[in-house]
Each structure stands twice: as structure tokens, then as C-alpha cells.
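Protein sequences, first through last, are from chains A and B.
For what it's worth, my numbering labels the leading residue of the first sequence as 1, then goes sequentially.
For what it's worth, my numbering labels the leading residue of the second sequence as 1, then goes sequentially.
Each residue gets a CB set at the ideal place from its N, CA and C atoms; glycine is no exception.
These numbers come from a predicted model, not from an experiment.
The structure under discussion appears below in the form of C-alpha cells.
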Amino acid sequence: MKFSTRELVTMAVFGALWGGIEISLGSVLHAIKLPLTGLSLTAIGLLIALIGRLFVPRRGSTFFIGVIATVLKLFSIGNILIGPMIGILTEALVAELILDIFPKPTRLSFMLAVAGGSLWTLIQPFVTGLLIFGRTLLPIWLDMVDQGSRLFGLGSQAALWIVLALVLLYLAVGAVAGWLAWSLGQMVSVRLRGHSPTTV
Amino acid sequence: MTASRLHTSLMHGAPAKPLIGSLGHLLIFLWSLAAILLTQLRGGFLLPGICILLLSLLYPFALRRILRPRWLILLGILLVTSILFGGGQPDLKLWGVPLSSEGILVGVRMTLSAIVILLAADGLSTSMDITEVAGLFERLGLQGLGFSLGVAANQLPNLRQSSTNAWHSLRMRGGMRAQWWRGLQLFLLTVLTNALRRSEDIVLAAEARAFRPDRSRAAPLRIGHLDWWLIPVGLVFLAGVLVLT
């Protein structure tokens with residue numbers, strides 16, 4: 001991956017924005033344990049990264065932005081939060097892989113990319129819990145069902161329905177964020193000299 | 001005058017080589033992760049126990065941070081939930097609560113693993129410089145990351161200030177009252193546009209100083225006296241644990 005100076009600076013700006021949100025808003029939301037914190041931060045972060053993709057429409061740029069945000073988070077305020085760091089990096093990777101399937105950025109590719117990244121937020125506890133923290137799958141599953149049960153007001157007996165509803169919620173929020181990323185990106189490009197994003 | 005300056009700089013000399021350099025800290029982090037994965041596969045408390053002891057000796061600041069009430073409460077919650085939902089048939093009672101000895105073992109192992117991860121991650125992030133991490137990623141193929149990270153780190157305070165200004169301006173003009181959604185969009189638009197306009201100046205400044213990403217070199221990693229020894233020692237230790245457990 002070889003980027004020009006302009007592209008590197010543009011990606012730095014978007015990485016700083018994502019990192020800044022993770023450091024400020026993310027730390028607060030994680031501290032007060034608000035429900036769906038991960039999903040909200042993923043949607044906002046990927047929204048920013050994908051607007052960045054419009055301005056650097058090259059393979060690897062979304063992952064690059066994610067790496068910048070991860071390193072900024074790592075060196076932020078001495079908070080040791082390995083989960084969010086793995087999260088940012090993996091979400092950026094998932095979004096990158098989905099975007100790479102498409103020959104050029106489109107609204108659909110943006111929606112799918114953020115939806116994929118958001119869905120990873122739901123899957124991540126199973127992977128990191130099992131591999132890194134050595135948790136068994138049962139408590140993670142119970143946590144997820146409990147969260148969904150409180151969110152949708154369903155009894156925990158309907159576990160499968162709850163999980164299905166959670167998957168749909170994560171995909172929907174991701175798709176909306178992707179839609180917004182495309183629209184906002186176009187608006188920013190119009191505001192910046194009225195050029196298309198690729199020529200700014 | 002020039003000669004004396006030269007002499008002074010020569011007298012200071014290069015900084016002394018540390019015992020453990022950045023490479024060593026990275027190896028210790030990877031070794032800790034491998035030890036944790038091995039613990040999940042083989043069970044037992046010996047390996048995480050040794051890890052915690054070594055990491056505490058290496059990174060006392062990380063241990064002090066974990067001993068703060070906030071972290072102790074979080075680790076306590078992790079331990080209790082793991083014991084309660086760790087699985088296994090209840091075979092003992094504590095204050096009337098049925099517990100399984102298997103669940104307790106799982107809970108303790110999980111908490112020890114979490115402590116190892118926290119110590120190793122904190123030790124790595126504190127011991128390694130941000131430019132060294134960038135250099136490491138550049139060696140893995142992300143060319144220009146060091147430059148981008150420098151720009152990003154310098155942009156953070158500006159972005160924060162610019163976002164705060166935009167937010168206050170919007171609120172004072174009533175932008176978040178009637179059409180809050182539109183207001184939020186305008187806020188994002190303002191922040192992004194400002195950031196991109198500022199990036200133009202940075203590009204010009206970099207190009208004026210003849211910066212070219214393809215000519216830039218990754219920041220060198222600090223290598224300590226013991227760094228290369230840590231690889232065989234770590235591998236032998238892990239292999240020993242594999243054979244003995």
C-alpha cells in the first residue's frame with residue numbers, strides 16, 4: 001500500500017476524528033456502561049472512516065484509518081482497554097474487506113460495510129472472550145440474551161428470537177450509518193469547492 | 001565555537017542501550033498472549049501466576065494501576081459472574097448459594113488471564129513510543145503510517161477545539177432545537193469540512209519540506225541487551241509448560 005502525501009494526511013484527519021471519538025465519547029460511554037455502547041461507537045467510527053474512503057478511494061485506506069484510530073486509542077489516557085482496540089481494528093478490517101469486493105465506492109457498498117462492521121460488535125465477545133479471556137461461551141451467550149431481553153422486553157425463553165432481533169438491529173443500524181456516510185461524504189465534497197470527493 | 005559545540009555533543013554520546021528495548025517489550029506482550037492461550041488449552045494456574053509475577057516485576061506501574069479500586073471492582077465483577085455462570089454441576093454451597101468447584105476454577109483462571117492481559121497491554125503501551133509502534137506497522141506494509149500518526153496526534157487538539165466551537169455556535173443559534181437531526185448533520189459537516197481544509201495546509205507544509213512517503217524511513221526500534229535472548233527463553237519456557245502439563 002503506497003499512498004501519496006495528500007492521501008496520508010486525509011487518512012490521518014479521519015483517523016484522528018475516529019480516534020478522538022473513541023477516546024472522548026467512547027471512554028465516557030464505556031465508563032457509564034450505557035447499553036449498545038459498542039454498536040453506537042462502531043456506527044459513528046465507521047461512518048467517519050467511510051467518508052474518508054470517499055476521499056481516498058483506494059484499497060486499504062479504511063483499514064489504514066482504523067489503524068490510526070487504534071494506535072491513538074492505545075496511547076490515549078493510559079486506559080488499558082484491549083477489547084475496544086481489537087474492536088476498532090477488526091471493524092476496520094471487516095469494512096475494508098467488504099468495500100474491496102466492489103470495484104468502486106457505492107452507497108450499497110457503504111451500507112454493507114458498516115453493517116458488517118456493526119455485526120462484528122455482536123460477535124466479538126465470543127471470539128475475544130474465548131481466545132483471550134478464557135471465558136466459556138455460555139456466560140457470554142447469557143449476557144447477550146439478557147441484554148436483548150431487557151432491550152426488546154422479551155422473555156429470556158425466546159433466546160433465538162432475541163438473538164435474531166439483535167442481529168437485525170445491528171445490521172439495520174449499520175446500514176443506516178452507511179447510508180448516512182455516503183450522503184454526508186457527498187455533502188462535504190460539495191461544500192469543499194464543489195468537486196467530487198476523489199478530486200478534492 | 002563550532003568545535004566546542006561538536007565536542008559537547010560528542011561528550012554526551014549516544015543514549016545508553018536499555019536492558020529491554022521496544023522489541024523486548026513487544027516480545028513480552030506476545031509471550032503473555034501465548035501463555036494465556038496455552039492456559040485456556042491446558043488449564044492450571046501456574047502459567048498465569050508466573051506471568052503475573054514477572055509482569056509485575058517488569059511493570060510495577062501497571063500493577064499499581066490495576067490495584068486501583070475501579071479495576072479491582074471490575075475484576076471482582078468478572079470473577080463473581082464467572083463463578084456464578086461458569087458452568088458445572090453445583091457441588092458446594094457458600095452462604096446458601098449453590099456453586100460448582102469447576103465454575104470457581106474457571107472464574108479464577110479467567111480473572112488471572114484478564115490480569116495478565118491488562119498488565120502486558122499497559123506495560124507495552126507505556127514502554128513503547130508512539131513512533132515506534134508506527135514504525136512497526138510500517139515494516140508490516142503500512143507505509144507512511146508514522147507520518148500519518150504524527151499528523152493525527154497533532155490534529156487531535158485542533159479537532160477537539162474546532163468541534164467544541166462548532167457545537168457551541170450551533171447551540172447558540174438554536175440549531176439543535178427544532179430540527180435537531182438537521183443540526184446534527186450540519187455539525188458533522190462543519191467539523192469534517194474544517195478538518196479537511198486544515199489538512200490542505202498540512203499537505204502544503206509537508207511538500208514544502210520535500211517530504212515524500214516513498215523516501216521516508218520507518219522509525220528504528222530500540223533494541224535492548226536482552227531482547228534477542230527473550231525469544232529463545234520465551235519459546236523454551238512455553239515448550240516446557242506444554243511438555244510438563
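Against chain B, does residue i count as a neighbour if the rule is that its beta carbon must be under 8 Å from one of theirs?
i: S61 of chain A; result: no
i: V71 of chain A; result: yes
i: L34 of chain A; result: no
i: S149 of chain A; result: no
i: I82 of chain A; result: yes
i: V67 of chain A; result: yes
i: L74 of chain A; result: yes
i: F3 of chain A; result: yes
i: G258 of chain A; result: Residue 258 of chain A lies beyond the stretch modelled for chain A, which goes from 1 to 200, so this question has no answer here.
Exposed or buried, residue i, counting other C-beta atoms within 10 Å across all chains shown (16 or more means buried)?
i: H168 of chain B; result: exposed
i: L164 of chain A; result: exposed
i: P48 of chain B; result: buried
i: Q248 of chain B; result: As shown, chain B starts at 1 and ends at 245. That puts residue 248 of chain B outside it, with no answer to give.
i: I77 of chain B; result: exposed
i: A115 of chain A; result: buried
i: I73 of chain B; result: exposed
i: I123 of chain A; result: exposed
i: L192 of chain B; result: buried
i: M172 of chain B; result: exposed
i: W182 of chain A; result: buried
i: G20 of chain A; result: buried
i: A210 of chain B; result: exposed
i: F64 of chain A; result: buried
i: W95 of chain B; result: exposed
i: I101 of chain A; result: exposed
i: V151 of chain B; result: buried
Would you say residue i lies against chain A (beta-carbon separation less than 8 Å)?
i: E138 of chain B; result: no
i: T131 of chain B; result: no
i: M11 of chain B; result: Residue placement at M11 of chain B is flagged as unreliable, the pLDDT there being 45, under the threshold of 50; the coordinate-derived value follows with that caveat. Cβ-Cβ to chain A under 8 Å: no for M11 of chain B.
i: Q179 of chain B; result: no
i: F147 of chain B; result: yes
i: A134 of chain B; result: yes
i: Q161 of chain B; result: no
i: I28 of chain B; result: no
i: I52 of chain B; result: no
i: G144 of chain B; result: yes
Whose CA, out of the options, lies closest to the CA of residue i?
i: T128 of chain A; options: B:R215, B:I77, B:L75 and B:L37; result: B:L37
i: T70 of chain A; options: A:S61, A:G60 and A:I82; result: A:I82
i: L112 of chain A; options: A:P105, A:I123, A:I98 and A:K104; result: A:I98
i: G44 of chain B; options: B:L145, B:E138, B:M110 and B:R217; result: B:M110
i: L89 of chain A; options: A:L180, A:S61, A:L29 and A:F102; result: A:S61
i: L50 of chain A; options: A:A95, A:S149, A:W141 and A:T136; result: A:A95
i: L23 of chain B; options: B:S127, B:I117 and B:I104; result: B:S127
i: A247 of chain B; options: B:A121, B:V243, B:R139 and B:T164; result: There is no way to answer for residue 247 of chain B, as the model of chain B reaches only from 1 to 245.
i: W71 of chain B; options: B:G135, B:A114 and B:T131; result: B:A114
i: L26 of chain B; options: B:V241, B:R215 and B:R222; result: B:R222
i: L47 of chain A; options: A:M187, A:L180, A:L192 and A:Q186; result: A:L180
i: I249 of chain B; options: B:S32, B:L54, B:I231 and B:Q185; result: No statement about residue 249 of chain B is possible, as the shown extent of chain B runs from 1 to 245 and does not include it.
i: N165 of chain B; options: B:S148, B:L188 and B:G107; result: B:L188
i: T106 of chain A; options: A:M85, A:V13, A:L54 and A:G148; result: A:L54
i: V80 of chain B; options: B:S101, B:G107 and B:L112; result: B:G107
i: I162 of chain A; options: A:I101, A:S189, A:M144 and A:W18; result: A:M144
i: F110 of chain A; options: A:L130, A:S4, A:A175 and A:L25; result: A:A175
i: R59 of chain A; options: A:K2, A:A16, A:A159 and A:L166; result: A:K2
i: K17 of chain B; options: B:R215, B:I66, B:D227 and B:A239; result: B:D227
i: L149 of chain B; options: A:I68, A:E22, A:G148 and A:V28; result: A:I68
At a CB-CB cut-off below 7 Å, which residues of chain E make contact with residue i?
i: S27 of chain A; result: Chain labels in this structure do not include chain E; the protein chains are A and B.
Let me check you understand the geometry: is the CB of residue i closer than 7 Å to at least one non-hydrogen atom of the ligand COA?
i: L33 of chain B; result: Ligands are entirely absent from the displayed structure, and the ligand COA is therefore not among its contents.
Residue i and residue j look like a contact to me (Cβ under 8 Å); what is the Cβ gap, rounded to whole Å?
i: F147 of chain B; j: L72 of chain A; result: About 15 Å; that fails the 8 Å criterion.
i: S206 of chain A; j: T42 of chain A; result: The structure shown does not extend to residue 206 of chain A, since chain A spans only 1 to 200, so no value can be given for it.
i: F237 of chain B; j: L124 of chain B; result: In fact, because the Cβ distance is near 19 Å, the residues do not count as touching under 8 Å.
i: V13 of chain A; j: A134 of chain B; result: Rounded, the Cβ-Cβ distance is 16 Å, inconsistent with contact.
Residues of the segment 172-196 of chain A whose Cβ lies closer than 7 Å to any Cβ of chain B, in chain order: Against chain B - using a Cβ distance shorter than 7 Å - the residues of the segment 172-196 of chain A are L184, M187, V188, R191 and L192.
Determine which residues of the segment 211-244 of chain B have a Cβ less than 9 Å from any Cβ of chain A, and write them out in chain order. For the segment 211-244 of chain B, the set of positions with a beta-carbon nearer than 9 Å to some beta-carbon of chain A reads F211, R212, P213 and D214 in chain order.
Could you please tell me which residues of the segment 6-17 of chain A, in chain order, have their CB closer than 9 Å to any CB of chain B? Against chain B - using a Cβ distance shorter than 9 Å - the residues of the segment 6-17 of chain A are R6, E7, L8, V9, T10, M11, A12, V13, F14, G15, A16 and L17.
In chain order, what residues of the segment 188-199 of chain B put their CB closer than 8 Å to some CB of chain A? Answer in chain order: L188, L189, V191, L192, T193, A195, L196, R197, R198 and S199.
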